Amino acid sequence: MKNIFLFCLVAIALISCKEDEPSIREFRFDLNSTGIISEGVATKAISASETLFEVHNLPRSTNPSEMISFGDIRFNGERSTYSCNDISVTLNNIYSISHIAYRYVAVNGNLVMESPANGIIEGNFNFDFVCPDYLQKDTIHISNGHFRISYSTLWIQ
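Its first residue numbered 0, the sequence shown is counted upward by one per residue in numbering that gives the first Met the number 0.
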């Protein structure tokens, strides 16, 4: 019985001492002057010719839910500024009750991305979005956007 108790104590000690890298998922922005706090995910895709980043937020279950996506971010290793003409920037506005989703495209604004360090990507953004759908003709202003996210790396061949 003492051996089983000792084994359990050692197992608990080993499990509690294991150091995993903390996952950082900060993503926040103001939507038409209303603060939104969300979680973010990011991927760094590496190929022989270039490094690309994808960054998205994971909307909370509110009505409506907004998902911002930054894609095709070609990164050169230094702090960089991107306009909506340089990268793919979209906002999906999903209404949880009706399940109707509208896709908005960025018409102006920018993303400033810091040089990634220690597996973390960080950036600030401000964009204006319009919906090309004739049923939903409005503009959404995203300001004071900030993300700080641990990213996963993919190798593309």
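Virtual Cβ for every residue (Gly too), placed ideally from N, Cα, C.
Owing to the predicted nature of the structure, the values given are computational and were not obtained by experimental measurement.
Check: Do you know offhand how far residue 94's Cα is from residue 66's?
Finding: 11 Å
Next item on the list: Return yes when the Cβ of residue 110 is within less than 7 Å of the Cβ of residue 118, no when it is not.
Entry: no
Check: Using the rule of at least 16 other Cβ atoms within 10 Å of the residue's Cβ for burial, across every protein chain shown, is residue 10 buried or exposed?
Finding: Residue placement at residue 10 cannot be trusted, given a pLDDT of 34 that sits under 50; the coordinates are not used to answer.
Check: Is DSSP giving residue 114 helix, strand or coil here?
Finding: coil
Check: Run through DSSP, which three-state label would residue 136 get?
Finding: coil
Check: CB residue 88 to CB residue 69, shorter than 7 Å?
Finding: yes
Check: With DSSP run on the structure shown, which of helix, strand or coil describes residue 47?
Finding: coil
Next item on the list: With a cut-off of 8 Å on the beta carbons, I'd call residue 130 and residue 101 a contact; round off their distance for me.
Entry: 5 Å
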